[in-house]
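When you line the sequence shown up against UniProt numbering, it's residues 1 to 347, in that order.
Even for Gly, the Cβ is constructed at its ideal location relative to N, Cα and C.
A short write-up of the structure that comes next.
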Amino acid sequence: MKLHAINPPRFIMSLYMLVLLILAVLVDISFVSLINDALIKWAMNGILVLSLIPMMNVGAGRNFGMSIGLSAGLLGMVFALNYKMTGWLGFSVSLLVGAAIAVLFGFGYSRILNRLKLNEEIVGTFAGYSFIPIMNIFYTFVPVTNRQMLYPIGGQGLRPRVNLDIYFGGILDRLWQIKVGEIVIPVGLLLFFFVIAALLWLFSKTRTGIIFSAIAENERFSSLAGLRVNRYRTIGIILSMVLAAVGVVVYSQSYGFLHLYDGPFMMSFPAISAIVIGGASQKKAAVANALIGTFLYQTTYLLSIPVANALLLPEMAEILRTIVTSGIILYAFIFQRKDAGNEVLKK
């Protein structure tokens, strides 16, 4: 078996997680709480990772401008909370309004990326970074009437964090919970996550999904074959934005807060890291890559902090975790670029 057949980045991350599990046993860390948290972290972050797939598969690069789609989802929640919608109504309205705004944002974003092809990731990074200050200005002056969302002094501008407990916080986490001993399985949250994953997998088998792959493989040939490349790229970018908007609503209800202003600033990087660790290439990503990569990344992140705290000084724990995890991710990117170069030489 060749080394690249087993995907070295994923193998190394799995080995690192196994080492952390062994260390967790040695330092007597409770596995029950770790399993409970790992299941929630997997699902609450998973949709954000899934949102990368359409853009990657249509050849528009990894979506470093994810914060544009995330902002759409945040606006959907601001709308629902402003009218004090609670429970399933508030959650559903947040999803629908956020998705509708994401379509508009995604269309504008696609116009930029289609004009600046081959530079999508750099352009996306700058677009995402520059969009956050624009949204910050909007949050400061938006005419919201719900006093619980506004600063208590002056009553002008939204709070950086709004508690979702009285609205729809944890609504998916608590749905159809199953207890196996002390382990709590959030069936509703996992089911929502798996349904989105299944729909995305089915989409990849449709004619449009297959055309996505053809465009990513050879855009020039696809254009000569009569395919409207920019049209399909626009569809892929909009779909990624919509999934990002849905993902941040799911993330927020598990997190328990609506996190505005710089909240979505760095959320694209863990998602991209996860799908790269899962084995996705620059122009080809499968649902399995997102599922595996999210589980490995989030579980490793969850394990490393208590293990490092038990074995090292608390001040050193986060530093070491960042160095090791980031090093593995960097290797994943290097391996991916090397693998892509080998494919070009073969052709």
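Measure the Cβ-Cβ separation of residue i and residue j and say whether it is below 7 Å.
i    : j    : result
V246 : L70  : no
A24  : E120 : no
Y297 : A280 : no
S67  : G124 : no
L260 : L158 : yes
G327 : I238 : no
I35  : I178 : no
W42  : F295 : yes
V276 : W201 : no
G98  : G169 : no
I272 : R62  : yes
L50  : A197 : yes
Q81  : M149 : According to the sequence as given, residue 81 is Leu; it is not Gln. A contact, by the Cβ cut-off of 7 Å.
G90  : Y16  : no
For the beta strand (DSSP E) containing residue i, name the first residue and the last one.
i           : result
residue 434 : Any answer about residue 434 is impossible in this case: the structure gives the chain only from 1 up to 347.
R161        : R161 to N163
Q177        : Q177 to V180
P186        : I183 to P186
Identify whether residue i lies in helix, strand or coil by the three-state DSSP scheme.
i    : result
F11  : helix
I166 : coil
Y112 : Checking the sequence, you will find Ile at residue 112 rather than Tyr. Looking at I112 - three-state DSSP - the assignment turns out to be helix.
L200 : helix
L18  : helix
L227 : coil
Applying the 10 Å Cβ sphere with the 16-neighbour rule, what's the burial state of residue i?
i    : result
W176 : exposed
A102 : buried
M266 : exposed
L18  : exposed
N218 : exposed
G293 : buried
I334 : exposed
A72  : buried
T234 : buried
L199 : exposed
So, for residue i: in the same chain, excluding its five sequence neighbours on each side, which residues have a beta-carbon less than 6 Å away from its beta-carbon?
i    : result
P306 : I29
A38  : T299 and L302
S14  : none
G188 : L172, L175 and W176
How would you write the range of the alpha helix (DSSP H) that residue i sits in, first residue to last?
i    : result
K41  : F31 to L50
I171 : That residue, I171, is in no alpha helix (DSSP H); it is neither H nor E in DSSP.
M135 : E120 to F141
Y297 : V287 to L311
M85  : Taken as a continuous stretch (DSSP letters only), M85 belongs to no alpha helix (DSSP H), as it is neither H nor E.
G209 : R207 to E217
P270 : S268 to I277
Within its chain, find whatever has a CB closer than 7 Å to the CB of residue i; leave out the 5 residues flanking it on each side and keep chain order.
i    : result
K84  : N146
V250 : M44, I47, L172 and F192
V229 : I215, E219, S222 and S223
Short of 8 Å in beta carbon distance, which residues of its chain neighbour residue i, apart from the five on each side in sequence? Order them along the chain.
i    : result
T216 : Note that residue 216 is Ala in the sequence shown, not Thr. Once the five neighbours on either side are set aside, the close Cβ partners of A216 are M56, N57, V58, G59, K283 and K284.
L21  : L303
I112 : V123 and A127
I185 : L39, Q177, I178 and K179
Y331 : P8, P9 and I12
Please determine whether the Cβ atom of residue i lies at a distance below 6 Å from any heavy atom of the ligand PLP.
i    : result
F257 : This structure lacks the ligand PLP, and indeed carries no ligand of any kind.
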